[in-house]
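Read in order, the letters of the sequence shown are residues 74 to 470 in my numbering. Worksheet: one structure, shown below.
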Amino acid sequence: MDFEPGERSRAILETVGHFVADEIVPLEPDFLSRPFSELLPALEEKRSAVRELGLWAPGHPTELGGMGLDLVDLGLVSEAVGRSPLGHYVFGMHAPDAGNVEVLHRYGSDDQKTRWLEPLVDGRIRSCFSMTEPDMPGSNPVMLATTAVLDGDDYVIDGHKWYTTAADGAAFAIVMVVTDPDAEPHRRASMILVPTDTPGFELVRNIPVMGHAGDDYFSHSEIRYRDCRVPRANLIGDPGRGFAIAQERLGPGRIHHCMRWLGICRRAFEMMCDRALSRTIAPGQKLADKEIVQSWIAESHAEIEAARALTLQTAWRIDQYGWRTARQDISAIKFLVANTLQRVVDRALQVHGALGMTDDTLLAFYYREERAARIYDGPDEVHKISLARRILKDRRS
Ligand SMILES: Cc1cc2nc3c(=O)[nH]c(=O)nc-3n(C[C@H](O)[C@H](O)[C@H](O)COP(=O)(O)OP(=O)(O)OC[C@H]3O[C@@H](n4cnc5c(N)ncnc54)[C@H](O)[C@@H]3O)c2cc1C
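As structure tokens, then:
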């Protein structure tokens, strides 16, 4: 097994690394102090520069105008751009658009591809993925209350969703809806494409998350669908295939998240080391001289490297053998990396003392924003249970 980057990937990673450091990191103070929408003109300029470098949309297939990288290389790029919260957006590899591109590429009709997929890949529009509901357990996604009922040639959608990331300013939502309530649980739901200007699509609010409602791409919305009528042709794939489609985008999506989290870990880790080396804590003594800080540094290093190795191995397995073979590791990396992220950011913040609580560094943003890593993409507990069950089943047989 070899997941070391090849020559082409090394060159890509070097260019990406310089671009993030020189062009994106300088935008972060504005990002931390101003609404995201005010940064859009500057971000558009950076996106143009990325396109000129031939680095736009690293994970999307070449026939769509992306770079078509395999999962290992894509993971490495995701880690490199993940060093900045703006990185994925600038390189056209941001969630949830990346996953929605994959869904439309594989299951979209010709018309859906022309109308929605092409501008989405180009970065001319944005999208969102609307599945979780306030009154239903997101951890058990077969329990959905939002319905789409056929009326002539239209589906009429009614329901209540929340935490639809990036809905503010999105051109369309891919909505998970129950189309056949009498089918067995995993065949009840379908994905349906809903343009956000459809009457009955009501963005209620951007939900304050740990005190920050955000705006535009950096937000999570509550949405009501009331008599929201879309043509039957907006169904993605066959009726009842919603969960099957969702499952297929699971593996690549997980690598994408985990490597982004590892990019954050690296950044926070470097900040922790730099602060420890520069902060005088007593005459002639730096924080870095204290054994407890040394212990945090050593633990963080070991945890990041271990989590990274398992994530890249999982990516390699998916590339080689498909996601089914890598199922156990796809579950394992979810909670392994999410918890590594939380511990590393927490230690880095602690080392910064009061400074860590301000918005003068990225750490407070990471601390509040990435706490959710243990909840979204399936809560950790659900992944632990399903991993343990599979291990025990194999052991019994
Ligand atoms: C920042 C953020 C962004 C998100 N973005 C999106 C998005 O773009 N689109 C979208 O559709 N959704 C999104 N979500 C929603 C997310 O997917 C759900 O929050 C998640 O699936 C958990 O569902 P829930 O919140 O309803 O928790 P619940 O299902 O109510 O679970 C609550 C808690 O119970 C525990 N638990 C659950 N099941 C078990 C079990 N079997 N055994 C033991 N313990 C268990 C877990 O600790 C879990 O955290 C986002 C959430 C956040 C926080």
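Virtual Cβ for every residue (Gly too), placed ideally from N, Cα, C.
Item: Strand pairing of Ile-247, partner residues [DSSP]; Value: Phe-202, Leu-266
Item: Cutoff 8 Å; reference Leu-126; Cβ partners in own chain excluding five residues on either side; Value: Thr-88, Phe-92
Item: Any non-hydrogen atom of ligand 1 closer than 7 Å to Phe-408 Cβ; Value: no
Item: Contained alpha helix (DSSP H) runs [length at least 4] in the segment 373–436, N- to C-terminal order; Value: 400–425, 427–430
Item: Length of the line joining the Cα atoms of Tyr-290 and Ser-203; Value: 14 Å
Item: Classification of Ile-458 by the beta-carbon crowding that lies within 10 angstroms, buried from 16 upward; Value: exposed
Item: Proximity below 8 Å, CB of Ala-341 to CB of Leu-436; Value: yes
Item: Paired residues, beta bridge with Asn-279 - DSSP; Value: Ser-294
Item: Gly-232 and Val-215 closer than 8 Å at C-beta; Value: no
Item: Supposed contact pair Val-145 and Asp-392 - C-beta distance, whole angstroms, cut 8 Å; Value: 6 Å
Item: Nearest-angstrom beta carbon gap, Ser-157 and Ile-97 [assumed within contact, 8 Å]; Value: 5 Å
Item: Bridge partner(s) assigned by DSSP for Pro-304; Value: Asp-227
Item: Gly-232 Cβ short of 7 Å to ligand 1 heavy atom set; Value: no
Item: Distance between Ile-464 and Phe-109 (C-alpha atoms, nearest Å); Value: 44 Å
Item: Spatial distance of Ser-404 from Leu-128 (CA atoms); Value: 30 Å
Item: Minimum length 4: unbroken alpha helix (DSSP H) runs contained in the segment 105–143; Value: 113–125
Item: Spatial distance of Leu-100 from Asp-224 (CA atoms); Value: 49 Å
Item: Buried versus exposed, by CB contacts within 10 Å (16 or more), Lys-234; Value: buried
Item: Residues bridged to Phe-274 (per DSSP); Value: Tyr-298
Item: CA-to-CA distance, Arg-327 to Tyr-440, given in whole angstroms; Value: 20 Å
Item: Residue of His-285, Val-366, Pro-272 minimising C-alpha distance to Val-417; Value: Val-366
Item: Within 8 Å, strictly: CB atoms of Met-345 and Ala-244; Value: no
Item: Opening and closing residue of the beta strand (DSSP E) in which Ile-97 lies; Value: Element bounds for Ile-97: n/a, residue is neither H nor E.
Item: Simplified DSSP assignment, three categories, for Ala-317; Value: helix
Item: Beta-carbon proximity of Gln-415 to Leu-460, cut-off 8 Å; Value: no
Item: Residue range of the beta strand (DSSP E) that includes Ala-171; Value: Careful: Ala-171 lies outside any beta strand (DSSP E), inside the alpha helix (DSSP H) at 170–180.
Item: Which listed residue (Pro-304, Trp-189, Gly-287, Asp-433) has its alpha carbon closest to that of Ala-221; Value: Pro-304
Item: At least three beta-carbon pairs within less than 8 Å, the segment 374–393 to the segment 330–337; Value: yes
Item: Cβ-heavy atom distance, Ile-265 to ligand 1, below 7 Å; Value: no
Item: Near ligand 1: Ala-445 beta-carbon under 7 Å from a heavy atom; Value: yes
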